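Below: the structure, in structure tokens.
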Amino acid sequence: MTTTATGPSRNVAIVGGGPAGLMAAEVLSRQGVQVDVYDAMPSVGRKFLLAGVGGMNITHSEPAEPFLTRYGARSEQLRPWLQAFGGVELREWVHGLGIDTFVGSSGRVFPTAMKAAPLLRAWLQRLREAGVRIHVRHRWQGWNDDGALLLSTPEGDKTVRADAVLLALGGGSWAKLGSDGAWLPRLAERGVEVSPLVPSNCGFDVGWSEHFRSRFAGEPLKSVALSFTDADGREQRKQGEFVVTEGGVEGSLIYAFSAQLRDAIAAHGSATIHLDLAPGKDLARITAEVAHPRGSRSLSSHLQSRAGLKGVKMGLLRECLDKDTMNDPQRLAAAIKALPAKLVAPRPLDEAISSGGGVTFAALDERLMLRQLPGVFCAGEMLDWEAPTGGYLLTACFASGRAAGLGMWEWLQMRRPV
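Counting from 1, one number per residue, gives the positions in the sequence shown under full-length UniProt numbering.
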């Protein structure tokens, strides 16, 4: 075993090279602190780059208060971070790296090039110029008996001492990119309060018939609305699209409700959603169209002609409804506007876009330092919050990294020798 010391004072170790860790590194390096970033993967920002596949949705342009509500039960805990560094500030920061952005039709914000790699390259260049040292293939294994960080590397185990440590190890989704949640039991063993990691922004199992699965798996359902009655008895509704999978459903419209659906399944064993297959037409109009005489035409031809339903939408009706309902115009019209589908389980954590659970806010002080481990801070998806896709996840990761970096600097100042 070799030992690496980081110096006598004002040196920090950041474990995790995602947006939260790198943002903290930027904050601290601007204060003249020597920063060493350690990442288990061959390069930093692996999950950040994956998020950029198909378009790098960096943040969202909606006003601050509705933006904040996207974080649900954790909105108030995240408020200080996002008031200081929300969507507007993040976009300005991206511009400062020489990357232009634009607002899409949905309000989402993207780099003009629609790629994450140029942004990450520019950022890493800035960090290196500021003196930040990046060490890849360094996997955190906890602490040794003397309280030093223990890291495994291709050259063998190393220990690192620092005046402050930031853990920014991500959640539990996409283990192959480094976010494997292995840190959770290590912190729990040290008395840190943690919540189990659960899938967020995930798909769900339905249990399609072989006939439906073989014909429609992979098909997108566009121009539909999903409604769901939440735990408080309120109906939540949103229009969008999702995809039929081999075993169930996934996609942006499903992700928007995933936390509530996951929790409902945990509480009740299943969750029922209702799909409006013709959101542009009210029930009265759909009823009239379905009841219109169809003559010798098949029901499929009739519904395609009168209600615009075909393909996977027609397949869903046949999958979810019995023959009597399909042949009753009133009941069929009602089902077209509110087709019930029972979700029986969320997909596994490692398939999810993100995760919920992690280090509880009760375990942290106002600087994001662990109460049980003075000098050890946490940021990013390790913390017990979650958000839908649409730029909200990334924004909060950046904002939490900035908040942790400022908290570390304040703590270091308090401990500076006289």
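Backbone N, C-alpha and C fix where the C-beta goes; we use that ideal spot for every residue, glycine too. Everything numeric in this text was worked out from a predicted model, so none of it was measured.
Same chain, Cβ closer than 7 angstroms to residue i, neighbours up to 5 away in sequence not counted
i, result
"Phe212", "Gly315 and Glu319"
"Ala162", "Thr6, Asn11, Val12 and Ala13"
"Leu28", "Val12, Val35, Gly405, Met408 and Trp409"
"Ala352", "Ser173, Pro199, Ser200, Asn201 and Cys202"
"Leu120", "Gly45, Phe48 and Leu49"
"Asp324", "none"
Assumed close pair residue i, residue j - CB separation to whole angstroms, cut-off 8 angstroms
i, j, result
"Asp384", "Gly357", "6 angstroms"
"Ala363", "Gln372", "7 angstroms"
"Asn57", "Phe110", "6 angstroms"
"Gly207", "Gly247", "7 angstroms"
"Leu349", "Leu150", "Not confirmed; about 25 angstroms, so no contact."
"Val33", "Gly17", "Actually they do not touch by this definition, with Cβ atoms about 17 angstroms apart."
"Met23", "Gly178", "Wrong, their Cβ atoms sit about 17 angstroms apart, outside the cutoff."
"Ala387", "Arg70", "5 angstroms"
"Met369", "Phe377", "5 angstroms"
Enclosing beta strand (DSSP E) for residue i [first to last residue]
i, result
"Asp324", "Segment Lys323 to Met326 is the alpha helix (DSSP H) holding Asp324; no beta strand (DSSP E) there."
"Pro111", "Arg108 to Pro111"
"Arg161", "Gly156 to Arg161"
"Phe212", "Run containing Phe212: none in the beta strand (DSSP E); it sits in the alpha helix (DSSP H), Glu210 to Phe216."
"Thr153", "Leu149 to Thr153"
"Gly21", "It is not in any beta strand (DSSP E) - Gly21 instead sits in the alpha helix (DSSP H) that spans Pro19 to Ser29."
"Asp36", "Gln34 to Tyr38"
"Asp276", "Ala271 to Asp276"
"Gly357", "Ser354 to Val359"
"Glu250", "Gly248 to Glu250"
"Cys202", "Per DSSP, Cys202 belongs to no beta strand (DSSP E) and is neither H nor E."
"Pro220", "Pro220 to Thr229"
"Glu366", "It is not in any beta strand (DSSP E) - Glu366 carries neither H nor E in the DSSP assignment."
"Ile58", "Per DSSP, Ile58 belongs to no beta strand (DSSP E) and is neither H nor E."
"Val206", "Looking at the DSSP string, Val206 is not in any beta strand (DSSP E), and its letter there is neither H nor E."
"Leu349", "Unbroken run through Leu349: none, as it is neither H nor E."
Bounding residues of the alpha helix (DSSP H) (the contiguous stretch that carries residue i)
i, result
"Trp140", "Careful: Trp140 lies outside any alpha helix (DSSP H), inside the beta strand (DSSP E) at Arg139 to Trp143."
"Tyr71", "No alpha helix (DSSP H) contains Tyr71, which DSSP labels as neither H nor E."
"Pro185", "Trp183 to Glu189"
"Leu97", "Leu97 -> no alpha helix (DSSP H), and no H or E assigned at all."
"His302", "Leu299 to Ala307"
"Arg46", "Arg46 to Ala51"
"residue 419", "Here the chain has residues from 1 to 418 only, and residue 419 is not among them."
"Lys115", "Unbroken run through Lys115: none, as it is neither H nor E."
"residue 453", "Residue 453 cannot be examined here, being either before or after the span of the chain that is shown, 1 to 418."
"Leu261", "Ser258 to His268"
Buried or exposed (CB count within 10 angstroms, at least 16 for buried), residue i
i, result
"Thr395", "buried"
"Lys337", "buried"
"Arg262", "buried"
"Thr3", "With a pLDDT of 38 at Thr3, under the threshold of 50, the modelled position of this residue cannot be trusted, and the question is left open."
"Ser43", "exposed"
"Pro346", "buried"
"His268", "exposed"
"residue 426", "The shown model of the chain, from 1 to 418, leaves out residue 426, and the question about it has no answer."
"Met1", "Low local confidence applies: a pLDDT of 36 at Met1 is under 50, so the model's placement there is unreliable, with the coordinate-based value given in what follows. Per the 10 Å Cβ criterion, exposed."
"Ala284", "exposed"
"Glu210", "exposed"
"Thr112", "exposed"
"His292", "exposed"
"Ser258", "buried"
"Ser105", "exposed"
"Ala264", "buried"
"Val53", "exposed"
"Met382", "buried"
"Gly295", "exposed"
"Asp39", "buried"
Chain-order list of residues whose beta-carbon lies under 6 angstroms from that of residue i (same chain, five-residue window excluded)
i, result
"Arg74", "Trp385"
"Glu129", "none"
"Arg306", "Glu289 and His292"
"Gln239", "Ala225 and Pro279"
"Leu90", "Thr59, Thr395 and Phe398"
"Glu219", "Val244 and Val312"
"Pro8", "Because Pro8 carries a pLDDT of 40, less than 50, the predicted location of this residue cannot be relied on, and no value is offered for it."
"Val418", "A caution first: Val418 carries a pLDDT of 43, below 50, which makes its placement in the model too unreliable to give a value."
"Arg133", "Asp36"
"Glu250", "Gly203 and Val243"
Sequence-distant residues of its chain with Cβ nearer than 8 angstroms to residue i (five each side left out)
i, result
"Pro19", "Gly45, Phe48, Gly380, Leu394, Cys397, Phe398 and Gly401"
Below-8 angstroms beta-carbon distance, residue i vs any chain B residue
i, result
"Glu92", "Here chain B cannot be found, since the structure has a single protein chain."
Review point. Pairing CB atoms from the stretch 151-160 with CB atoms from the stretch 338-354, are three or more of them under 8 angstroms?
Key: no
Review point. Is the stretch 36-55 touching the stretch 74-82, taking contact as three or more C-beta pairs under 8 angstroms?
Key: no
Practice item. Evaluate the contact criterion for the stretch 83-98 versus the stretch 120-128: three or more CB pairs, one atom per stretch, below 8 angstroms. Key: yes
Review point. Counting pairs of beta carbons, one from the stretch 254-265 and one from the stretch 200-210, are three or more of them closer than 8 angstroms?
Key: yes
Review point. Is it a yes or a no for the stretch 261-279 touching the stretch 226-246, going by three-plus beta-carbon pairs under 8 angstroms?
Key: yes
Check your understanding: How about the stretch 326-336 and the stretch 179-189: do they share at least three Cβ pairs that are nearer than 8 angstroms?
Key -> no
Review point. Counting pairs of Cβ atoms below 8 angstroms between the stretch 56-67 and the stretch 161-178, do you hit three or more?
Key: no
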